[in-house]
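Step one of this worksheet: look at the structure below.
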Amino acid sequence: MDLDLPSRIAVLADIHGNADALRAVLSDIDSHGAGLIVNLGDQFSGPLAARETAAILRSTGGVCLRGNHDRWLVEQAPEEMGASDRAAYDQLTPDDLEWLRALPSNCEMGGEIFACHATPGDDLTYWMHRVEGDGTVGPRSLAEVDALAGAERAPLLLCGHSHLAGEVILSDGRRILNPGSVGLPAYDDDVPVYHVMEAGAPDARYMILDRTEFGWDVTWRVVPYDASRMIAMAQDQGRLDWAHALATGYMPDRP
Numbered sequence: 001m002d003l004d005l006p007s008r009i010a011v012l013a014d015i016h017g018n019a020d021a022l023r024a025v026l027s028d029i030d031s032h033g034a035g036l037i038v039n040l041g042d043q044f045s046g047p048l049a050a051r052e053t054a055a056i057l058r059s060t061g062g063v064c065l066r067g068n069h070d071r072w073l074v075e076q077a078p079e080e081m082g083a084s085d086r087a088a089y090d091q092l093t094p095d096d097l098e099w100l101r102a103l104p105s106n107c108e109m110g111g112e113i114f115a116c117h118a119t120p121g122d123d124l125t126y127w128m129h130r131v132e133g134d135g136t137v138g139p140r141s142l143a144e145v146d147a148l149a150g151a152e153r154a155p156l157l158l159c160g161h162s163h164l165a166g167e168v169i170l171s172d173g174r175r176i177l178n179p180g181s182v183g184l185p186a187y188d189d190d191v192p193v194y195h196v197m198e199a200g201a202p203d204a205r206y207m208i209l210d211r212t213e214f215g216w217d218v219t220w221r222v223v224p225y226d227a228s229r230m231i232a233m234a235q236d237q238g239r240l241d242w243a244h245a246l247a248t249g250y251m252p253d254r255p
């Protein structure tokens, strides 16, 4: 993408239909005067406010990518969807789905920044983390992280998907950054085996990049907000796991 990048960029990811967290983040972005918003995907999936979130995002502008859950919303038949995707699908309009279908899976910006949802070649792989056979989650080796970059040579590489804010600096100085999740601070998954990802706090998260003479300075933003309406929506849909995650940043203990 041929972009004249501004000196301040906001990066966000993994909203998952949490309209109230998104509003809080956009208000914080506005107070910091970012010239561009880069959204790394997974906009709607979940038992929350997908339609409301779509209305906000479609009027926000900036660079918006398609995540794995976004892809499933437009590729799968409704009866084949998981519960969170189906809950979002049932709220979205045909126009919302067309907007989602048109989003790119990744974006290169001005030769300086490459952005994707998970990794350049796959929207389902954690870039900085690996899941062991017993379900524990830990950091990947530097060699693994480097290999997943593929042919992308931009000095700044942006990803989401894991919902965990973090950074890895590769041996050649390239930086991989994850802003954390706007709307879902904890979740569980059964691919490749059952595991949980937990931010450990319920706040909305995003990242600000500032251009300096030495490269891009990074500020991770942690934004408290009132999650009570979203928690009530999750409870009304019988999704007590989501309600617990939204309230605490952790998944509930398994029985």
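Residue numbering for the sequence shown follows full-length UniProt numbering, starting at 1 and increasing by one per position.
Built from N, CA and C at the ideal position, the CB exists for glycine as well.
With the rule of 3 Cβ pairs closer than 8 Å, the region 126–144 does not count as touching the region 87–107.
Contact check for Tyr206 against Ala19 fails: the beta carbons are separated by 8 Å or more. For Arg130, the enclosing beta strand (DSSP E) has its first and last residue at 129–131.
Across the set Ile15, Asp96, Ala55, the C-alpha of Ile15 shows the shortest separation from the C-alpha of Leu40. Nearest C-alpha to Ile37 among Arg58, Trp99, Ala49: Arg58. With a cutoff of 8 Å on beta-carbon distance, Leu65 and Cys116 are scored as near each other. Between the region 175–185 and the region 20–31 there are three or more C-beta pairs closer than 8 Å, enough to call the two in contact. According to the DSSP secondary-structure assignment, Thr248 is paired through a beta bridge with no residue. Per the coordinates, the alpha-carbon of Asn68 lies some 12 Å from the alpha-carbon of Met81. In the displayed model, Pro94 falls within a helix according to three-state DSSP.
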